[in-house]
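Below is one structure; the comments refer to it alone.
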Amino acid sequence: MTTNTTGNAATAAGTIGQAGREGGTSVLLRDLTRAFGATRALDGLSIEMAPGELVALLGPSGCGKTTALRIVAGFETADTGSVLVDGKDISSVPAARRDMGMVFQSYSLFPNMSALDNVGFGLRMRKIGAGERRKRAGDLLDMVGLAPQASQYPHQLSGGQQQRVALARALAIEPRVLLLDEPLSALDAKVRLQLREQIRTLQQRLGTTTLFVTHDQEEALSMADRVGVMSNGRLEQIAAPDALYTDPATAFVAEFVGVMNRIPGELQAGDQVTALGGTLPVRGHRPKEGAVDVLVRPEGLRLEVVENGNGIVTTRTFLGSVTRVGVQLSGDVAVQVDRPSAEAAALAPGASVAVSLPAQPVLVAARRVS
Amino acid sequence: MATLAERASEGIAPPRRRKAAPLGVSIWRWVVLLVTGAYFLIPLWAALRFAGIGAFGSVVGEAGFTSSLALSVRLAVITTLLTIALILPTAVYVHLRLPKLRRLLEGITILPIVIPPVVLIVGVLAIAPGILKGTSLLLALVYVVLAMPFAYRAIDAGLRALDLKTIVEASNSLGAGWGSTLWRVILPNLRTALLSATVLTVALVLGEFTIASLDLYQTFPVWIYVNSQTSGQVSVAASLLALFVTWIFLLAITVVGSRQSRKTGGGEVTLFSVARTETRGD
């Protein structure tokens, strides 16, 4: 599948969902820029996607992630830069001939067609005969668990069902790349969770290279092979979910992904920072010397119950195996600390505690003026 | 497929349940209904009495009946086709690419209602090229202008009820070019809107008198008027006939449109717009 296979991809018979595409498709976004008026939606974005990989683009609204996806889909054009699929520049190929399956944020099923006809639409456009088309559309509906709803119209389906049909429709054309534009954000929490797992399972089974845009970090971290965090049209960092969480490259990533405490500290010469009465080595990017904030995850802080400690417990939230404890430190600094729930009994609001930093390298960021 | 779909849709349309109105309101409803009913039906009944059943038989044989009716029907067909061919792509394009122009377009399309028909036809006759003068195409072109406000509104309402941008993009990403997208995705979803536009255009053309008579065409309404000078009864019978035919036509379109609309979850077909509750902004 190295060349444009508008016809071949569709005519290649075979049971969908067994082998998927051997080798998959590689995708390269190279130095994309796009400006809307004065705002730069994309400012030199480059991402390389390995065949069969699921890459999530994560970022606050307006960070350019959707623009990037729409450029790959062919609905927007980049001012500069190019999109390469399997090494070929597709910038001049119209959306209809890119062979990319897309699932949209809003419900995008054709209201005049039944679920089965919706799924079969792409095959129809590829001139697949009615019998074959129905069979394959039926298989795909079965794959997303909606075979009984085949003859229903979109308005008779729930939101989650509609998005599953939309997913089946996008996969029916055996796309070279699957594009997911916040497909779960219109759904309620429970359905979102189910569908999240379903999408990931299907994607892995089919080995379809997938670009997934979301503003929900949990979604990105749980589904993607790699997550690209975007801000102001730029990629801040792209890494595997665990690396992103444990080893964020920038303060933006550190705070956007997961919960992060900011503890005032003083940056010394020689990559040392003093905070909470200790001195620690600094890792990663560092601002100018002087007043900084040390960035620490709730599970990265030590907490002991002591008389006359440096903090007072204010809140205690049970989260299952861990309990999140809110602590008010002197100087109007509030931090959150995770403790195993079994040990949290003593940490009732009002208890005096000592919060300290373990002797490990920490991330720092310029002091936030608040 | 159709049978499957129809079976599936049976019993899906939510039953309309109305709260019982308080007695006072209920009585007022009937009073209003009766008064309005009388206002509309008494003239019809009077016309029917005046013409007599016998007149209906002789209408058909009257000189000019067939030719004038044929002309009116031809004009209705041409006007409808031209109007839709003109308005539909424009409205779709504006919705997709130039949403800011929607207001302006709405303003422009209302002009034919504001400008008196007399002014319009005098202007048209002054500038119309010689080739068109005296042909029914000229009249059809004028009717296209007159029908524009109604047709545009109907189609615009239909488009607004769709998430057009997403649907078009979905269709594109599945490999459909513009032709297929328009034919297989947009048009079927605008069915009720197009029916509304057609109904309004046809009704307008079948009833238009001023322009046709000023331009010396003997359309059906003009023929009825001319005929009334010689035979009052026959012309009244012809009017009633025209009224019933148009009415049945409108009813048929509304019923067919509503049935389709129920199947695909579309809005009610009304003669002026096809409104669907919008669930999200565009």
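Just so you know, the sequences run in chain order A and B.
Going by this note's numbering, the first sequence opens with residue 615, and the numbers climb by one from there.
Going by this note's numbering, the second sequence opens with residue 1202, and the numbers climb by one from there.
Heads up, the beta-carbon is just placed ideally off N, CA and C, and yes, glycines get one too.
Remember, predicted model here, so these are calculated numbers, not experimental data.
Proximity below 8 Å, CB of residue i to CB of residue j
i: Thr1402(B); j: Thr1284(B); result: yes
i: Leu643(A); j: Gln817(A); result: no
i: Met714(A); j: Pro789(A); result: yes
i: Val887(A); j: Val947(A); result: no
i: Thr1310(B); j: Tyr1353(B); result: yes
i: Asn1566(B); j: Asn726(A); result: Outside the shown range of chain B (1202 to 1483) lies residue 1566(B), about which nothing can therefore be said.
i: Phe689(A); j: Ala709(A); result: yes
i: Val1406(B); j: Ser1414(B); result: no
i: Val919(A); j: Ala960(A); result: yes
i: Ala868(A); j: Pro862(A); result: yes
i: Ala729(A); j: Val779(A); result: yes
i: Val589(A); j: Val969(A); result: Lying outside 615 to 984, the shown extent of chain A, residue 589(A) is not represented and no answer is given.
i: Asn846(A); j: Cys677(A); result: yes
i: Val939(A); j: Leu672(A); result: no
i: Leu894(A); j: Val951(A); result: no
i: Leu781(A); j: Ile813(A); result: yes
i: Leu1340(B); j: Ala1329(B); result: no
i: Thr864(A); j: Gln851(A); result: yes
i: Leu656(A); j: Leu825(A); result: no
i: Thr936(A); j: Pro954(A); result: Reading off the sequence shown, one finds Val at residue 936(A), where the question assumed Thr. A contact, by the Cβ cut-off of 8 Å.
i: Asp1416(B); j: Ile1322(B); result: yes
Cutoff 7 Å; reference residue i; Cβ partners in own chain excluding five residues on either side
i: Gly658(A); result: Asp645, Thr647, Arg848
i: Arg810(A); result: Leu798, Glu833, Ser836, Met837
i: Arg783(A); result: Asn732, Val733, Phe735, Gly736
i: Ile877(A); result: Ala889, Leu890, Asp907, Val908, Val910, Val947, Val949
i: Ala1438(B); result: Ala1252, Ala1256, Phe1257, Val1260
i: Gly1195(B); result: Since the first residue shown for chain B is 1202 and the last is 1483, residue 1195(B) is missing from the structure and cannot be characterised.
i: Val1325(B); result: Val1343
Residue i to residue j span [Cα, whole Å]
i: Val976(A); j: Met844(A); result: 23 Å
i: Leu1305(B); j: Leu1365(B); result: 20 Å
i: Val686(A); j: Leu792(A); result: 10 Å
i: Gly1376(B); j: Val1343(B); result: 40 Å
i: Val1232(B); j: Leu1245(B); result: 20 Å
i: Met1202(B); j: His1296(B); result: At Met1202(B) the pLDDT is 37, less than 50, meaning the model places this residue with poor confidence and gives no usable figure here.
i: Asp802(A); j: Leu1235(B); result: 50 Å
i: Leu1426(B); j: Thr1280(B); result: Note on identity: in this sequence residue 1426(B) is Tyr, with Leu being the wrong assignment. Cα to Cα, the separation comes out at about 22 Å.
i: Arg635(A); j: Gly745(A); result: Note on Arg635(A): pLDDT 44, under 50, position unreliable in the model; no value is reported.
i: Arg819(A); j: Thr1382(B); result: 31 Å
i: Val1456(B); j: Phe1450(B); result: 10 Å
i: Asn924(A); j: Ser640(A); result: 53 Å
i: Thr931(A); j: Ala958(A); result: 10 Å
i: Tyr1240(B); j: Gly1433(B); result: 22 Å
i: Ala751(A); j: Lys741(A); result: 14 Å
i: Pro1290(B); j: Gln775(A); result: 32 Å
i: Ala1271(B); j: Gly1380(B); result: 34 Å
i: Thr1447(B); j: Ala786(A); result: 47 Å
i: Phe1351(B); j: Ala1277(B); result: 14 Å
i: Leu986(A); j: Gly964(A); result: No statement about residue 986(A) is possible, as the shown extent of chain A runs from 615 to 984 and does not include it.
i: Ala980(A); j: Pro901(A); result: 6 Å
i: Gly1408(B); j: Arg1303(B); result: 29 Å
i: Gln974(A); j: Val896(A); result: 9 Å
i: Leu1363(B); j: Ser765(A); result: 21 Å
i: Tyr767(A); j: Leu723(A); result: 9 Å
i: Leu794(A); j: Ala1371(B); result: 12 Å
i: Met716(A); j: Val1226(B); result: 53 Å
i: Thr1367(B); j: Glu796(A); result: 13 Å
Chain E contact for residue i (CB, 8 Å cutoff)
i: Ser1374(B); result: Any reference to chain E falls outside this structure, whose protein chains are A and B.
Residues near residue i by beta carbon distance below 6 Å, same chain, minus five either side
i: Pro1318(B); result: Thr1411, Ile1412
i: Lys679(A); result: Leu671, Gly673, Val827, Met844
i: Thr1399(B); result: Thr1281
i: Ile1454(B); result: Leu1396, Val1400
Close beta carbons around residue i, own chain, < 8 Å, minus the five adjacent residues each side
i: Ala1248(B); result: Val1437, Ser1440, Leu1441
i: Leu1395(B); result: Ile1285, Leu1289, Ala1355, Ile1356, Gly1359, Leu1388
> Which ranges would you report for the alpha helix (DSSP H) in the segment 827 to 902 of chain A if only whole runs of at least 4 residues count?
Replying inline: 831 to 837, 855 to 860, 865 to 870
> Which residues, in order along the segment 1378 to 1397 of chain B, keep a beta-carbon less than 7 Å from a beta-carbon of chain A?
Replying inline: Gly1378, Ser1381, Val1386, Pro1389, Asn1390
>> So if I threshold CB-CB distances at 7 Å, which residues from the segment 1343 to 1377 of chain B count as touching chain A?
In response: Asp1364, Thr1367, Ile1368, Glu1370, Ala1371, Asn1373, Ser1374, Leu1375, Gly1376, Ala1377
> What are the start and end residues of each continuous alpha helix (DSSP H) run of 4 or more residues lying completely inside the segment 723 to 778 of chain A, in chain order?
Replying inline: 729 to 739, 744 to 757
>> Which residues of the segment 661 to 693 of chain A have a Cβ closer than 9 Å to any Cβ of chain B? Give them in chain order.
In response: Arg684, Ala687, Gly688, Phe689
>> Quick check on the DSSP output: what are the complete beta strand (DSSP E) runs of length 3 or more inside the segment 1362 to 1444 of chain B, in order along the chain?
In response: none
>> My parser needs the alpha helix (DSSP H) runs of 4 or more residues fully inside the segment 1319 to 1366 of chain B; what are they?
In response: 1337 to 1361
>> Please identify, using Cβ separations under 7 Å, the residues of the segment 851 to 884 of chain A that lie next to chain B, in order along the chain.
In response: none
> Between the segment 737 to 759 of chain A and chain B, which residues of the former have CB atoms less than 7 Å from a CB of the latter, in chain order?
Replying inline: Met739, Arg740
>> Beta carbons nearer than 9 Å to chain B: which residues of the segment 766 to 792 of chain A have them?
In response: Gln766, Tyr767, Pro768, His769, Gln770, Ala780, Arg783, Ala784, Ala786, Ile787, Pro789
> Which runs of the beta strand (DSSP E) spanning at least 3 residues fall entirely within the segment 672 to 703 of chain A, listed in chain order?
Replying inline: 694 to 699
> In chain order, which continuous runs of the beta strand (DSSP E) of length 3 or greater are located wholly inside the segment 639 to 664 of chain A?
Replying inline: 641 to 650, 653 to 663
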